[in-house]
Amino acid sequence: MNFLLSNERRISNVEGCFGASGQPLLVPGRVLVGEGVLTKLCRKKPKPRQFLLFNDILVYGNIVINKKKYNKQHLIPLEDIKLQSLDDEGNLKNGWQIISAKKSFAVYAATRTEKAEWMAHINKCIQDLLAKTGKKGTTEHAAVWVPDSEASTCMHCLKSKFTALHRRHHCRKCGGVVCSNCSTKKFLLPSQSSKPLRVCDNCYNVLSSGKVLPDQEPKRHNTVPTPPQKEDKVEDDSSSGEDNSDDEEAAAENPGVSEYQVPTTPTFYQGDHAALVGDEDGGTTEPMETISNEV
1088 MNFLLSNERR ISNVEGCFGA SGQPLLVPGR VLVGEGVLTK LCRKKPKPRQ
1138 FLLFNDILVY GNIVINKKKY NKQHLIPLED IKLQSLDDEG NLKNGWQIIS
1188 AKKSFAVYAA TRTEKAEWMA HINKCIQDLL AKTGKKGTTE HAAVWVPDSE
1238 ASTCMHCLKS KFTALHRRHH CRKCGGVVCS NCSTKKFLLP SQSSKPLRVC
1288 DNCYNVLSSG KVLPDQEPKR HNTVPTPPQK EDKVEDDSSS GEDNSDDEEA
1338 AAENPGVSEY QVPTTPTFYQ GDHAALVGDE DGGTTEPMET ISNEV
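In the numbering used here, the protein residues as written are 1088 to 1382.
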């Protein structure tokens, strides 16, 4: 019973941190497995984000006040997720990709140990959920977007140089950064949106030919993340369009938060990750007592 009360208290606290802008998280059968800060490779640069692993969803958001206030809440069902480890590249180390049907991106932990812990816990939760529900993991995955800093020219024509007026666009299929002339079409990608999304001409030609299904990824350029380099201010806030709210900075009341000032050490709570499953009479099973596992 202590676990039930502690779990409810922790989830209620998370709901309070997101406030009215967040979705309700305290639902029957849901367990908060772990939480901590990871560096998310956003469109413009790496930024700290609060991540919360539940036994059925992964939640992340912007940090306004550390451990007190978050915004820009995003929820990803665990059955939609697969993980892919990344090799260390320059200053970006201890990373992996979180790949899902609607949105995919790279994250980085502070240490190799924390990376291993995060990946192990997420994979364990996915396995437990699929085993419990009988569902199959999704085969539809969105591409990881190439950061703006990695493309000073169009990745399609290799000629158009981006400037303050000649802005970048991201193909929603391959994730590449292209110019407006090389991304004149839209295509319906049901797993990402109910509306047609902007895609590069290469992807549009493949998708419209019927050679691949809309949610199968065509061959793309090599886009392994590398450390962002300083360059002229050629980025444009609107260049990548919809579903980029997590790339925005937190509210103006948060001038002190940076990837160097926010503690990143995660906490994982011991217990059955597939626990608190209600029976036909509405009862629950009580898992082990919780412990904090900080590294």
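Beta carbons are placed, not taken as given, at the ideal position from N, Cα and C, and that holds for glycine.
Note that the coordinates shown come from a computational prediction; the quantities given were computed from them, not determined experimentally.
{"Query": "What does a CB cutoff of less than 7 Å around Val1265 pick up in its chain, not counting 5 residues either side in sequence?", "Result": "Cys1241, Met1242, His1243, His1256, Cys1258 and Cys1287"}
{"Query": "Using 8 Å as the cut-off, can you tell me whether the region 1201-1215 makes contact with the region 1112-1127, which would need three or more C-beta pairs spanning the two stretches below that distance?", "Result": "yes"}
{"Query": "Considering only their Cβ atoms, is the gap separating Asn1158 from Gly1103 smaller than 9 Å?", "Result": "no"}
{"Query": "For the region 1200-1207 and the region 1221-1235, state whether three or more C-beta atom pairs, one from each stretch, are separated by less than 8 Å.", "Result": "no"}
{"Query": "What did DSSP end up calling Ile1098 once you bin it into helix, strand or coil?", "Result": "helix"}
{"Query": "Can you tell me which of Lys1127, Leu1140, Pro1115 and Arg1096 puts its alpha carbon nearest to the alpha carbon of His1208?", "Result": "Leu1140"}
{"Query": "Pick helix, strand or coil for Ala1196, following the three-state DSSP scheme.", "Result": "coil"}
{"Query": "Would you call Pro1115 buried or exposed, if buried means 16 or more other Cβ atoms sit within 10 Å of its Cβ?", "Result": "exposed"}
{"Query": "Could you spell out where the alpha helix (DSSP H) holding Asn1153 opens and where it closes?", "Result": "Premise fails: Asn1153 is in no alpha helix (DSSP H) and is neither H nor E."}
{"Query": "Strictly by DSSP, which residues pair up with Ile1163?", "Result": "Leu1145"}
{"Query": "Can Pro1135 and Leu1128 be called in contact, C-beta distance under 9 Å?", "Result": "no"}
{"Query": "Please list the terminal residues of the continuous alpha helix (DSSP H) segment that includes Ser1295.", "Result": "Asp1288 to Ser1296"}
{"Query": "Going by Cα to Cα distance, which pick from Thr1352, Tyr1356 and Ser1267 is closest to Asn1153?", "Result": "Thr1352"}
{"Query": "Pull the bridge partners of Asn1158 from the DSSP assignment, please.", "Result": "Asn1149"}
{"Query": "What residue does the beta strand (DSSP E) around Trp1232 start on, and which one ends it?", "Result": "Looking at the DSSP string, Trp1232 is not in any beta strand (DSSP E), and its letter there is neither H nor E."}
{"Query": "Going by DSSP, which residues form a beta bridge with His1243?", "Result": "Its beta-bridge partners do not exist; DSSP assigns none."}
{"Query": "Going by the beta-carbon positions, is the gap between Lys1260 and Leu1216 smaller than 9 Å?", "Result": "no"}
{"Query": "Which residues bound the beta strand (DSSP E) around Phe1274?", "Result": "Lys1272 to Phe1274"}
{"Query": "Exposed or buried, which one is Glu1176 when buried takes at least 16 other CB atoms within 10 Å?", "Result": "exposed"}
{"Query": "Where Gln1316 and Ser1093 are concerned, what is the direct C-alpha to C-alpha distance, given to the nearest angstrom?", "Result": "Bear in mind that the predicted position of Gln1316 carries a pLDDT of just 36, short of 50, making it too unreliable to give a figure here."}
{"Query": "Apply the 10 Å Cβ neighbour rule to Arg1096 and answer buried if 16 or more other Cβ atoms are within range, or exposed otherwise.", "Result": "exposed"}
{"Query": "Under 9 Å between the Cβ atoms of Gln1184 and Ala1193?", "Result": "yes"}
{"Query": "Label Lys1246 either buried or exposed according to how many other C-beta atoms from any shown protein chain fall within 10 Å of its C-beta, with 16 as the threshold for buried.", "Result": "exposed"}
{"Query": "Can you tell me where the beta strand (DSSP E) with Gln1110 in it begins and where it stops?", "Result": "Per DSSP, Gln1110 belongs to no beta strand (DSSP E) and is neither H nor E."}
{"Query": "Spatial neighbours of Pro1283 within its chain, please: CB distance less than 7 Å, with the 5 preceding and 5 following residues excluded, ordered by chain position.", "Result": "Lys1273, Phe1274 and Leu1275"}
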